[in-house]
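Structure record follows, encoded as structure tokens.
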Ligand SMILES: NC(=O)c1ccc[n+]([C@@H]2O[C@H](COP(=O)([O-])OP(=O)(O)OC[C@H]3O[C@@H](n4cnc5c(N)ncnc54)[C@H](O)[C@@H]3O)[C@@H](O)[C@H]2O)c1
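Numbering (our numbering), first residue to last: 1 to 101.
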């Protein structure tokens with residue numbers, strides 16, 4: 001399976017932690033977990049994968065533009081090689097208006 005790089009939000013939560021454990025344990029994909037760690041966030045739920053080279057965690061609030069989305073976008077712009085393969089596959093950026101069709 002061609003390795004993909006997945007950006008996931010809320011994966012210290014109930015559903016996300018199960019999804020991200022599944023991805024790391026059963027696929028060869030990489031995953032970045034962005035989570036604010038509210039009362040619902042629990043890093044214990046993903047402790048079994050925290051040392052995997054294909055997993056990384058960033059504590060960010062995705063609703064706070066300056067601390068969340070802005071830093072995330074800046075990171076992607078500095079690491080274009082990391083995410084360029086996503087754009088080269090089936091997703092053509094339609095919803096973002098990157099292409100018109
Ligand atoms: N034991 C159980 O059966 C159980 C336990 C928990 C939840 N549930 C159910 O699961 C469903 C909810 O699960 P879920 O995984 O969607 O939600 P969740 O509340 O379990 O997890 C949400 C995650 O998103 C993070 N988050 C919230 N706001 C954020 C923000 N602004 N920026 C970044 N991260 C943010 C939280 O820290 C948390 O880790 C509900 O139906 C709930 O009733 C069941």
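C-beta: ideal position from N, C-alpha, C; glycine also.
When the options are compared against residue i, the one with the closest alpha-carbon
i	options	result
residue 1	26, 41, 39 and 8	26
residue 28	53, 71 and 63	53
residue 49	12, 4 and 67	12
residue 47	24, 3 and 62	24
Span of the alpha helix (DSSP H), counted from its first residue to its last, around residue i
i	result
residue 18	14 to 26
residue 71	69 to 78
Limits of the beta strand (DSSP E) - the one that residue i falls within
i	result
residue 39	Segment: none, residue 39 is in no beta strand (DSSP E) and carries neither H nor E.
residue 48	No beta strand (DSSP E) holds residue 48; DSSP gives it neither H nor E.
residue 8	5 to 9
residue 56	55 to 59
Beta-carbon proximity check, residue i vs residue j, cutoff 9 Å
i	j	result
residue 18	residue 56	no
residue 35	residue 60	yes
residue 14	residue 40	yes
residue 72	residue 58	yes
Assigned exposure category for residue i - 16 Cβ within 10 Å defines buried
i	result
residue 33	buried
residue 100	At residue 100 the pLDDT is 49, less than 50, meaning the model places this residue with poor confidence; the figure from the coordinates comes in the next sentence. With fewer than 16 other Cβ atoms within 10 Å, it is exposed.
Heavy atom of ligand 2 within 8 Å of residue i beta-carbon
i	result
residue 47	Although ligand 2 was asked about, the structure shown includes only ligand 1 as ligands.
Chain B contact for residue i (CB, 9 Å cutoff)
i	result
residue 67	No chain B is present in this structure, which holds just one protein chain.
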